[in-house]
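Only one structure is covered here, and it is reproduced in the block below.
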Amino acid sequence: MQTVWTLPYWEIAFRLFVAGILGGLIGWEREKNNHPAGFRTHILVSLGSALIMLISIYGFSDFMGQKNVQFDPSRISAQVVSGIGFLGAGTILRHGVSVTGLTTAASLWVVAGIGLAVGTGFMFGAALTTVLVLVSLELLNRLEKILIKKRRLRIIQLIVADDPGKLGELASLIARNGGSIRKVNMDEGEEDDHYLGITFHVRLPEKITLAELCEEIRKVKGVKTVRTE
């Protein structure tokens, strides 16, 4: 039986190289969309998983012939599946009342699986999973944006004075104009502690335009800037 000492170097290098490429493809999609874990993180997770899988399969073959030794190649690799949750949890962030990073955490978990698959030599499954993940992250993301536009869901980004009750005042204004708030994000001002960044995800009725709503918001005392997407 082959061991890590008898496995051809080109085979080891090929598997690690493929793991790095597949993990990097998914990481690049995260990187260009400014998510917490990007290109390098996904490559490292995939490479590490592939290396652990190689060790798990071939690293202990010399001990198989010894008495009372049971060989289980899944024992070490199984720890990757549970251990990657620690890294994924670090990408989940809370901004105000919203939570972000869940998709990035899931992509790290999938990349760990891809690395394990490449380590075992299951190239077809690893490649196909990579393609499906990229389709889910890229194409479905575009489809989601199209559907959001059709539902007249609009994003309004504000820089406002950090005054008590300002969020409630703005939310009431949007409601009075017929808007329905679906999500709110709040960020403390990095350059000026006296201002807050507030992002509203608002569904608008047909009778009111985004420009009209923004004009009403600009009239509120303490509103510094108004931007839309």
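Heads up: the sequence shown is residues 1 to 229, going by the UniProt record's numbering. We treat Cβ as the ideally placed atom computed from N, Cα and C, and that holds for glycine.
For residue i and residue j, I'd like the C-alpha separation in whole angstroms.
i	j	result
residue 204	residue 103	27 Å
residue 118	residue 106	19 Å
residue 213	residue 164	22 Å
residue 58	residue 22	22 Å
residue 121	residue 180	51 Å
residue 43	residue 170	43 Å
residue 221	residue 138	40 Å
residue 88	residue 80	12 Å
residue 45	residue 215	47 Å
residue 90	residue 116	21 Å
residue 98	residue 210	In this prediction, residue 98 has a pLDDT of 49, which is less than 50 and means its spatial position is unreliable; what the coordinates show is noted afterwards. So the alpha carbons of these two residues sit roughly 23 Å apart.
residue 141	residue 70	46 Å
residue 206	residue 173	17 Å
residue 201	residue 177	15 Å
residue 155	residue 208	15 Å
residue 7	residue 13	10 Å
residue 40	residue 72	31 Å
residue 129	residue 76	22 Å
residue 133	residue 32	16 Å
When we look at the beta-carbon of residue i and count the other beta-carbons within 10 Å, is it buried (16 or more) or exposed?
i	result
residue 9	exposed
residue 16	buried
residue 168	exposed
residue 160	buried
residue 29	buried
residue 175	exposed
residue 74	exposed
residue 126	buried
residue 56	buried
Answer with yes or no whether the minimum CB distance from residue i to chain D is below 9 Å.
i	result
residue 198	The chain labelled as chain D is not found in the depicted structure, where only one protein chain is given.
Going by Cα to Cα distance, which pick from the options is closest to residue i?
i	options	result
residue 86	112, 76, 70	112
residue 27	13, 109, 79	109
residue 199	185, 210, 84, 208	185
residue 229	153, 208, 38, 178	153
residue 83	11, 73, 48, 72	48
residue 11	73, 130, 51, 225	51
residue 217	187, 166, 206	166
residue 183	162, 196, 157, 195	157
residue 223	202, 194, 206	194
residue 187	90, 162, 13	162
residue 78	54, 90, 101	54
residue 135	14, 19, 25, 20	25
residue 131	114, 41, 14	114
residue 124	196, 143, 19, 41	19
residue 196	226, 40, 13	226
residue 38	101, 72, 129, 219	101
Just reading off the beta strand (DSSP E) that residue i is part of, what are its end residues?
i	result
residue 197	195-203
residue 225	223-228
Residue range of the alpha helix (DSSP H) that residue i falls in?
i	result
residue 32	9-32
residue 104	102-120
residue 6	It is not in any alpha helix (DSSP H) - residue 6 carries neither H nor E in the DSSP assignment.
residue 38	Here residue 38 belongs to no alpha helix (DSSP H), and DSSP marks it neither H nor E.
residue 76	74-89
residue 216	210-218
Query - Ordered list of beta strand (DSSP E) runs contained in the region 124-187, each at least 3 residues - result: Listed in chain order, the complete beta strand (DSSP E) runs (minimum 3 residues) inside the region 124-187 are 153-161.
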